[in-house]
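Here is the structure we will look at, set down as structure tokens.
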Amino acid sequence: MRKKAVLSIDSRYTTMIENAFYYCNPPEVAPTVKVERPPMHEYIRKLLYQDLAKTNNDKTSEKQSSSARVLRQMRKLHWENEETAAYITKCLIAVWNVKYFNIRCLANLLAGLVAYQVPYSVCDKYMKLIYAHIIHVKCTSPI
């Protein structure tokens, strides 16, 4: 690095020297803290954010689509437990954790769950969230 500072060399070579230096001696970075969740919460997140995103042509789900399997598994969860029901509601409301293409799958899942377990508070919270964003857009727009 001292030689790079002393010599006047092309910027490409300077970048190559810096890349080689940082590859051999990387800067110290604080380790990422992983959030510890209970196993039930991890399972719910797996169902909603990973299994629901799988396409229908997977070899593991030849008889039924992934959304039908996730719906069945979500119906089997303990909805009587307030903590579990609150966490499921929280995950269903957090649409921003789902990829854009899979939002329709989450909406279909919610429509399937409403007939059985999901309290109407989920729909109310969605509506409040949409209303809050509309108000925020109107307040910040220069019109």
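Just add 43 to the spot in the sequence shown (first one is 1) and you have the numbering used here.
From the three backbone atoms N, C-alpha and C, an ideal C-beta is built for every residue, glycine too.
**Study point:** Span of the alpha helix (DSSP H), counted from its first residue to its last, around Thr-75
**Key:** Translated into the one-based positions of the sequence shown, residue 75 becomes position 32. From DSSP, Thr-75 is part of no alpha helix (DSSP H); its letter is neither H nor E.
**Study point:** Residues near Ala-128 in its chain [Cβ-Cβ closer than 7 Å; skip 5 each side]
**Key:** Start at 1 with the first residue of the sequence shown, and residue 128 comes out as number 85. When the five nearest sequence neighbours on each side are left out, the beta carbons in the same chain lying within less than 7 Å of the beta carbon of Ala-128 are those of Trp-122, in order along the chain.
Practice item. Spatial neighbours of Ile-52 within its chain, please: CB distance less than 7 Å, with the 5 preceding and 5 following residues excluded, ordered by chain position. Key: The sequence position of residue 52 within the sequence shown is 9, counting from 1. Excluding sequence neighbours, Ile-52 sits near nothing in its chain.
Exercise for review: Can you have a look at Leu-50 and say buried or exposed, based on whether 16 or more other CB atoms are within 10 angstroms of its CB?
Suggested key: On the sequence shown, position 7 is the one that residue 50 refers to. It is exposed - the Cβ of Leu-50 has fewer than 16 other Cβ atoms within 10 Å.
Exercise for review: Measure the CB-CB distance between Asn-140 and Cys-148 and report whether it falls below 9 Å.
Suggested key: The count along the sequence shown starts at 1 and reaches residue 140 at position 97. The count along the sequence shown starts at 1 and reaches residue 148 at position 105. In this structure, Cys-148 does not lie closer than 9 Å to Asn-140 by Cβ.
Review point. Is the beta carbon of Met-83 sitting closer than 9 Å to the one on Tyr-159?
Key: Position 40 of the sequence shown, counted from the start, is the residue given in the question as residue 83. Position 116 of the sequence shown, counted from the start, is the residue given in the question as residue 159. In this structure, Tyr-159 does not lie closer than 9 Å to Met-83 by Cβ.
Check your understanding: Anyone know if the C-beta pair for Leu-152 and Val-113 falls short of 9 Å?
Key -> Working through the sequence shown from its first residue, we reach residue 152 at position 109. Working through the sequence shown from its first residue, we reach residue 113 at position 70. In contact: Leu-152 and Val-113 (Cβ atoms closer than 9 Å).
Check your understanding: Looking only at C-alpha atoms, which of Lys-142, Leu-172, Glu-125 and Met-117 sits nearest to Val-157?
Key -> If you number the sequence shown from 1, residue 157 lands on position 114. Val-157 has its Cα closest to that of Met-117, out of Lys-142, Leu-172, Glu-125 and Met-117.
Review point. Along the chain, where does the alpha helix (DSSP H) that runs through Ile-109 open and close?
Key: Start at 1 with the first residue of the sequence shown, and residue 109 comes out as number 66. This sequence places Ser at residue 109; Ile is not what is there. Per DSSP, Ser-109 belongs to the alpha helix (DSSP H) from 109–119.
Practice item. Would you identify the three-state DSSP class for Tyr-56, choosing helix, strand or coil? Key: Numbered from 1 along the sequence shown, position 13 holds the residue referred to as residue 56. In the structure shown, Tyr-56 sits in a helix (DSSP, three-state: H, G or I).
Point to revise | Assigned exposure category for Ser-110 - 16 Cβ within 10 Å defines buried | key: Here the question's residue 110 lines up with position 67 in the sequence shown. When all chains shown are included, Ser-110 counts as buried.
Point to revise | For Lys-97, the first and last residue of its enclosing alpha helix (DSSP H) | key: Position 54 of the sequence shown, counted from the first residue, corresponds to residue 97. From DSSP, Lys-97 is part of no alpha helix (DSSP H); its letter is neither H nor E.
Practice item. Please confirm whether Val-171 and Thr-132 have their CB atoms less than 9 Å apart. Key: Your numbering for residue 171 matches position 128 in the sequence shown. Your numbering for residue 132 matches position 89 in the sequence shown. In the sequence on display, residue 171 carries Lys and not Val. It is not a contact, given that the beta carbons lie outside the stated cut-off.
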